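In full-length UniProt numbering, the protein residues as written are 1 to 447. A short worksheet on the structure shown next.
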C-alpha cells in the first residue's frame, strides 16, 4: 500500500473521525501482506474481547482491556495510517466472518462490543459528533418538558446511584423498544411509550444502530462473497480469507521448548501432571489400545515433538506401542515414514507445527477416532469422568461444564488448568503446548 488515505474525503488528521462507522468500504489499494497482517492484528483485539467477556470481566475492566489491546495491536506511528488500518482490518474481517451464521454471530457480537467500549472513551463532544454521524432521528428534550419530568428523572438517577440531573442536563426522547438493555435494567424513565435517555447513556442508542447496520451488511457481504468474490479471488484472496477465521495467533511451538528435551522414561509421569485433556486422552488411548488412527497420531505426535521429544525417541516410543498391536515389521513399513515426515525428514522436508486449540476444536473425529477437543466432542458423562481423573473438584467442575455448555471450549480448558494447578492463567489456554509449558512452570515454582 503506497501512501493510502482512509476514505479519500479525509486528507488531514483533523478531519479523520476517531471512530469510523464502517458504512462503506473505502476505495483503497492494499498490499496483500497488509491485507492479512491488519486483519490478524484486529483479530487479536476481538479475541481478547471474547476472552474477557467469557471470563465475566466487569464493564470498567473490559473498557481498560479494550483500550490496552487496541493500543498494543492497532496503533500506527501516523494517526492517518491508524485510521486506515482500522478501516481496512474491519472490512477484511467482515469478508472473513460473513461466510457462515456462526461466524457472523461471533463477529457481530465482538465488533459491537469493541465499538461500545471505544465510544465510551470518547468525550461528550466527540460522542455528540458521533451521534450526528449516525444521523439519529432523536431530539433532545426541551426545557419545558424537562421541567415537567425532572422529579421522575431524578428518581431514576437515585435508583441506579447516578448524580441527580443538573439544570442543563441533556436527555433524548426515544421509543422504548430501541433501548431494550436500558429498559431491562430499569435505567430510564418511560412515559407514554418513550424512554428518556441521559447523555451518559447514549452509548446504548448508538450501539443499537451500529449493530443493526453491521448485521445487515454481513448478510449483503455474504451474498457478494458467494455469488462473485469467492470465484474471482479463488487463487489470491480466497485462501487467506478462508484461513483467517481459524488462525492461531500465539507463539510458534514447532521447535522444542527452551527447557530441554523430554525423555521416553518421563512421558508417563508428565502426561499425568502436565498434558492438557486432549493430549492426555490420546496418550491414555495409545497406551490402552497400542494404536491410534491418523488424526490421533498427528495431533499427539506433533504435540510431543513440540514439548521436546526428539525424532529418535519419537520413533522408539511409537514403535514400542504399535509393535504390540501390528508388529515391528509393519510399523516400519506403514508408520515410521509419517513420524519422520512430521519432523521434516521426509517428503517436502516441512517442519510441521503442533496443532493449536482452534485447529483441534474445529476437527471432526469419526467413530473410533480419539483426536479433537474433549470439551467439544465428549459426552457430559465422559467429560466429567475425565475431569475428575485429572483432579478437578466439584465446584470447579460446574464452572467448567458451564463454559462447555456455552461453547467456550478454550475457557473451559483454562479453568481446568487453574483447578488442577491451583494457579491463575490470565492469558487463557490457546495451544496444548502452551498448557504444557505453563504447567511445567507452575510446578517448578512450587517445588
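All C-beta atoms in this analysis are idealised placements derived from N, C-alpha and C, irrespective of residue type, glycine included. The model shown is predicted, which means the values in this text are computed figures rather than measured ones.
By the CB criterion at 9 Å, residue 203 and residue 116 fall inside the cutoff. Counting only the Cα atoms, residue 160 lies some 7 Å from residue 187.
For residue 445, the number of other beta carbons within 10 angstroms of its own is below 16, and it is reported as exposed.
Of the residues assessed, residue 269 falls on the exposed side of the cut-off, its CB having fewer than 16 other CB atoms within 10 angstroms. Relative to residue 419, the option among 224, 168 and 439 whose CA is nearest is 439. One alpha carbon belongs to residue 355, the other to residue 212, and they sit about 36 Å apart. Taking C-beta separations shorter than 6 Å and ignoring five residues to either side along the sequence, the partners of residue 52 in its chain run 62 and 65, following chain order.
When the beta-carbon positions are compared, residue 262 and residue 304 come within less than 9 Å of each other.
Your pair residue 290 and residue 386 does not check out as a contact, with CB atoms roughly 20 Å apart and the cut at 8 Å. Selection 216, 148 and 141 evaluated against residue 196 yields 141 as nearest (Cα-Cα). Judged by DSSP in its simplified three-state form, residue 275 adopts coil rather than helix or strand.
Per DSSP, residue 35 has no beta bridge partner at all.
Given a length threshold of 4 residues, each whole run of the alpha helix (DSSP H) inside the segment 347-372 is given here in chain order: 357-362.
For the pair residue 264 and residue 320, the CB atoms are nearer than the 9 Å cut-off. The segment 37-45 and the segment 237-252 touch, with three or more beta-carbon pairs separated by less than 8 Å. For a cut-off of 8 Å, the C-beta gap from residue 176 to residue 193 is around 6 Å, short enough to register as a contact.
Contact check for residue 384 and residue 397: beta-carbon distance about 6 Å, within the 8 Å limit, so the pair qualifies. A direct Cα-Cα distance of roughly 35 Å separates residue 407 from residue 127. Non-local beta-carbon contacts of residue 222 in its own chain, meaning distances under 8 Å to residues more than five positions away in sequence, involve 98, 99 and 104 in chain order. A Cβ-Cβ distance of about 5 Å is found for the pair residue 411 and residue 54, placing them in contact under the 8 Å criterion. Leaving aside the five residues that flank residue 277 on each side, the residues in its chain whose CB is nearer than 8 Å to its CB run, in chain order, 374, 375, 386, 387, 390, 413 and 416. Around the beta carbon of residue 232, fewer than 16 other beta carbons sit within 10 angstroms, so the residue counts as exposed. Contact check for residue 275 against residue 436 passes: the beta carbons are separated by less than 9 Å. Under DSSP, residue 173 shares a beta bridge with 196.
With a beta-carbon spacing of about 4 Å, residue 48 and residue 69 fall inside the 8 Å limit used to define contacts. If the five residues before and after residue 118 are omitted, its C-beta is found closer than 6 Å to the C-beta atoms of 19, all from its own chain and listed in chain order. Going by DSSP, residue 341 is part of the alpha helix (DSSP H) stretching over 336-342. A distance of 9 Å or more separates the beta carbons of residue 44 and residue 214. From the listed residues 74, 86 and 60, the smallest Cα separation to residue 26 is found for 86. Taking all protein chains in view, the Cβ of residue 429 is crowded by 16 or more other Cβ atoms within 10 Å, so the residue is classified as buried.
Residue pairing by DSSP puts residue 191 in a beta bridge opposite 194. DSSP places residue 423 outside both helix and strand once states are collapsed to three, so it counts as coil. Within the segment 20-85, there are no complete beta strand (DSSP E) runs of at least 3 residues. Positions of the beta strand (DSSP E) runs, each at least 3 residues long and wholly inside the segment 102-180, are given as 171-175 in order along the chain.
The Cβ atoms of residue 371 and residue 309 do not sit closer than 9 Å to each other. About 6 Å separates the beta carbons of residue 174 and residue 205, which is inside the 8 Å limit, making them a contact pair.
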